[in-house]
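K.L.:
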Amino acid sequence: SQQGEEDPQALSIQEGENATMNCSYKTSINNLQWYRQNSGRGLVHLILIRSNEREKHSGRLRVTLDTSKKSSSLLITASRAADTASYFCATDEGSTLGRLYFGRGTQLTVWP
Amino acid sequence: NAGVMQNPRHLVRRRGQEARLRCSPMKGHSHVYWYRQLPEEGLKFMVYLQKENIIDESGMPKERFSAEFPKEGPSILRIQQVVRGDSAAYFCASSPRTGGNQETQYFGPGTRLLVL
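Line order of the protein sequences matches chains A and B. Add 25 to the 1-based position in the first sequence for the working numbering, that's all there is to it. Add 1090 to the 1-based position in the second sequence for the working numbering, that's all there is to it.
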């Protein structure tokens, strides 16, 4: 079953604008992770946020987590054409067994 | 420190043949995970292995699919008697010794399997 569900499915913006992607999930979690995937490539880890954290920053990335609403958001500020990629959230469904559950992703296109 | 290595990057097989996908984890990582990605979809967990042990294979089809991670050498995902529905990108990820999903999984570039 799909755990994380990203929204929107596709997002198209101009360079310099901010991009916000949302992720909703169904069960309790230990942590939530965001990954980026360039077309035809593997996944690159962006940020891991634990269930007891509410916000985390890494460079131009800001991730929030609201466990009461079972949702997370990824904000990319001052976007660049190189940010064009698919972005996935992944959760552990509260398990420590190792498996991650991915959503279908948000396809972000940043136009120069 | 080289990242997760997968080979081949692309694999073409005819229906009924066998596919062998290899994954070498990052140096110092003893936990390996395999995921499958269909077009326009997210990754689906298949199997989680430590050296010489299968920890969780609940995401792997019961028939035709098998995985191993020997003491020496890469992890192998083996698909016997491939069918067209097996066409997908197969990703391997590794994590350090403590394992579990309390830490980051590092992904390889994937093997794209096409079954004709």
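C-beta atoms are modelled at their ideal positions from N, C-alpha and C, and glycine is treated no differently. Just so it is clear, the structure is predicted and the values come from calculations on it, not from any experiment.
Taking a cut of 7 Å between CB atoms, which residues from the region 67-81 of chain A lie near chain B?
P.N.:
Gly-67, Leu-68, His-70 and Leu-73
K.L.:
Specify the secondary structure class of A:Ala-103 as computed by DSSP and reduced to three states.
P.N.:
coil
K.L.:
Relative to the alpha-carbon of B:Pro-1186, which residue among B:Lys-1152, B:Tyr-1123 and B:Arg-1202 has its alpha-carbon at the smallest distance?
P.N.:
Nearest of B:Lys-1152, B:Tyr-1123 and B:Arg-1202 to B:Pro-1186, Cα basis: B:Tyr-1123.
K.L.:
In angstroms, rounded to a whole number, what distance separates the CA positions of A:Asn-43 and A:Ala-107?
P.N.:
14 Å
K.L.:
Consult DSSP for B:Arg-1103 and reduce its assignment to one of helix, strand or coil.
P.N.:
strand
K.L.:
So A:Gly-16 contacts chain B; which residues on that side make the cut at Cβ distance below 7 Å?
P.N.:
Nothing in the structure corresponds to residue 16 of chain A, since chain A is present only between 26 and 137.
K.L.:
What three-state label does DSSP hand B:Arg-1110 in the structure shown?
P.N.:
strand
K.L.:
Need the endpoints of the beta strand (DSSP E) that B:Gln-1195 sits in, please.
P.N.:
Run containing B:Gln-1195: none; DSSP gives neither H nor E here.
K.L.:
Going straight from the alpha carbon of A:Leu-100 to that of A:Thr-89, what length do you get?
P.N.:
9 Å
K.L.:
How about A:Lys-81 and A:Arg-87: do their beta carbons lie closer than 9 Å?
P.N.:
yes
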